[in-house]
Amino acid sequence: METTDNLALATSVNNIPNVRVVNFYYDTENQGIVYLASFRGNTKTLEFLQNNNVAFTTIPTENSEQIRVTNGRVQKSDLTIYDLKEAFIKKLPNYEVVIAQAGDMLDVYEIHFKEASVTLDIDKHGKITF
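In structure tokens form, the structure reads like this:
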């Protein structure tokens, strides 16, 4: 979760799946929750309201290491992008400009999960539970 900036997030409404690449922040002190920021009212957030069941996989950058969650629940966070500003900028330096220019238009969402499949390489994989 610390070595990649993006994940592929899958939603489904009326049995029609949709997947998109989003950036995210994962706090190792608060395991089992991924944070993402999204512009208020976009298609993704409207889908969250219709069906909060989601799945995601991290997108490997230099190797095959990845984390996959198939039974996540998404909800709007009580936190704002300003609450998580330092963490997002540390992970995604270009977010400083995004927050400065459009922070008031961003909502933070949390994906909660209790189990994840972890792949380190072809011979090293398993599940972790929180």
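Going by this note's numbering, the sequence shown wraps up at 1491, each residue one higher than the last.
Backbone N, C-alpha and C fix where the C-beta goes; we use that ideal spot for every residue, glycine too.
Being a predicted model, the structure only gives us computed values, none of them experimental.
Are the CB atoms of residue j and residue i within a distance shorter than 7 Å?
i, j, result
"Thr-1372", "Val-1415", "yes"
"Ser-1478", "Arg-1434", "no"
"Ile-1442", "Ile-1460", "yes"
"Thr-1365", "Thr-1422", "yes"
Distance, Cα to Cα, residue i vs residue j?
i, j, result
"Phe-1491", "Phe-1474", "8 Å"
"Ser-1438", "Tyr-1470", "5 Å"
"Ile-1489", "Asp-1465", "36 Å"
"Gln-1436", "Asn-1413", "7 Å"
"Asn-1367", "Ala-1398", "12 Å"
"Leu-1370", "Leu-1410", "15 Å"
"Leu-1407", "Val-1374", "10 Å"
Return helix, strand or coil for residue i, following the three-state DSSP convention.
i, result
"Lys-1437", "strand"
Excluding five sequence neighbours on each side, which residues of the same chain lie with their C-beta closer than 8 Å to the C-beta of residue i?
i, result
"Asn-1403", "none"
"Ala-1463", "Phe-1400"
Which residues in the same chain as residue i place their Cβ atom closer than 6 Å to its Cβ, once the five residues preceding and following it in sequence are excluded?
i, result
"Tyr-1456", "Phe-1449 and Ile-1450"
"Ile-1394", "Glu-1471 and His-1473"
"Tyr-1387", "Met-1362 and Val-1395"
Measuring CA to CA, which of the options is closest to residue i?
i, options, result
"Thr-1418", "Val-1458, Leu-1410 and Phe-1385", "Phe-1385"
"Leu-1440", "Leu-1453, Asp-1468 and Pro-1421", "Asp-1468"
"Met-1362", "Gln-1392, Asn-1432, Asn-1376 and Ile-1377", "Gln-1392"
"Ile-1483", "Arg-1401, Ser-1425 and Phe-1400", "Ser-1425"
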